[in-house]
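Residue numbers (this note's numbering): 26 to 345. By construction, the Cβ of each residue, glycine as well, lies at the ideal position given by its N, Cα and C atoms. Only a predicted model underlies this, so the values are computations on that prediction, with no experimental measurement involved. Shown next, in structure tokens, is the structure this report addresses.
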């Protein structure tokens, strides 16, 4: 229960539509670099319906998964800010950002940090949307800075967009069919940016990196978004969270409430996270992730994370 991926099939609508797409010659070749037109329209329409944001297909760039979307978004923000600033990342953060930005501690008031850095502010991404929004609201974001909002978990818990509290013209939102439709192996993600310059710069970065995402899978994702087929994962994950929380040993205390993909627990008996996860795996076969990997130095050493995005039988086994 350490790595975050589902153990079920994912969106049936998407899978059927992708299978149909494999029978069409054009859909077995490269799509347009910015993405299959029907997927860009579907993402824009889905955002508009869900958030009332009035997006258009021109705001959308399809990428090979959410991770590439993050890289493209960071590059777009840095270039649009004149390459004169840096990237301010709030903890906890996506641990693979180290391949894109160099981490250096910066503890003073975040608003001042962003004002001096320019460039990009990246809100936290770990199953705590209300903390992320509060953190963004504290930032005094200057005119030459942009916000990269990693919102790949938007379909699994109650969600409030960063673009609802920051000028949308300064926000680059990252989404993922892997998380939204429980299809992590498909590697289809996207960027939504109302600012056309940001969208164009992200598209240019994507062109340099992968050129195009898998075309038939894009077709499948488009159909699922058009039909709002998320597979009821929000209710499933909430049910799983409640089962896991009820089964936690006395040495653990759940932090926060249901947050979609994960349950974060505090170790309250004084054991450090690395020792705890090692003992847990050896004694029960259940694997958890030490939360320190989502922080720079010095990290917390008393928090662990359990995945929560499985069928109900898997959490039952883990809880036992």
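- prompt: Do residue 173 and residue 199 come within 8 Å of each other at the CB atom, strictly closer than that value?
  reply: In this structure, residue 199 sits near residue 173, with a CB-CB distance shorter than 8 Å.
message: What does the alpha-carbon distance come out to for the pair residue 316 and residue 307?
response: Cα to Cα, the separation comes out at about 19 Å.
query: Do you know offhand how far residue 82's Cα is from residue 240's?
result: Those two C-alpha atoms are separated by around 17 Å.
field: Close Cβ partners of residue 65 (< 6 Å) along its chain, the five nearest in sequence each way excluded
entry: The answer, listed in chain order, is 82 and 85.
task: Have a look at residue 92 and residue 32 and give me their C-alpha separation to the nearest angstrom.
output: Note on geometry: alpha-carbon atoms of residue 92 and residue 32 lie some 21 Å from one another.
- prompt: Looking at C-alpha atoms only, which residue of 114, 193 and 39 is the closest neighbour of residue 76?
  reply: Just measuring C-alpha positions, the residue of 114, 193 and 39 sitting nearest residue 76 is 193.
message: According to DSSP, simplified to helix, strand and coil, what is residue 199?
response: Strand, per DSSP.
task: Taking only the alpha-carbon atoms, compute the straight-line gap between residue 98 and residue 115 and give it to the nearest angstrom.
output: When rounded, the separation of the alpha-carbon atoms in residue 98 and residue 115 is 16 Å.
field: Where residue 99 falls: helix, strand or coil (DSSP)
entry: Residue state, collapsed to three classes: helix.
message: Please state the DSSP three-state secondary structure of residue 31.
response: Here residue 31 sits in coil by DSSP.
message: For the region 280-299 against the region 319-334, do three or more pairs of beta-carbon atoms, one drawn from each stretch, fall closer than 8 Å, so that the two count as touching?
response: Put simply, the region 280-299 touches the region 319-334. At least three CB pairs are less than 8 Å apart.
message: residue 80 and residue 69 - do their beta-carbons sit closer together than 8 Å?
response: Contact check for residue 69 against residue 80 passes: the beta carbons are separated by less than 8 Å.
query: Leaving out the 5 sequence neighbours to the left and right, which residues in its chain are closer than 8 Å to residue 152 when beta-carbon positions are compared?
result: Residue confidence for residue 152 is low, a pLDDT of 41 falling below 50, so the modelled location carries little weight and cannot support an answer.
- request: Examine the Cβ distances between the region 54-64 and the region 239-257 and report whether three or more of them are shorter than 8 Å.
  value: With a cut-off of 8 Å, the region 239-257 and the region 54-64 count as touching, because enough Cβ pairs lie within range.
message: Here's the rule: buried if 16 or more other CB atoms are within 10 angstroms of the residue's CB, otherwise exposed. What is residue 88?
response: By the neighbour-count rule (16 or more Cβ atoms within 10 Å), residue 88 is buried.
task: Compute the distance between the beta-carbons of residue 237 and residue 206, then report whether it is under 8 Å.
output: No, they are not a contact pair.
- prompt: With a CB to CB cut of under 8 Å and the five nearest residues on each side skipped, what residues in its chain are close to residue 55?
  reply: In chain order, 236, 237 and 240 place their CB closer than 8 Å to the CB of residue 55, counting only its own chain and leaving out the 5 sequence neighbours on each side.
message: Suppose you measure from the CA of residue 47 to the CA of residue 40; what does that come to, to the nearest Å?
response: Straight through space, the alpha carbons of residue 40 and residue 47 are spaced by roughly 11 Å.
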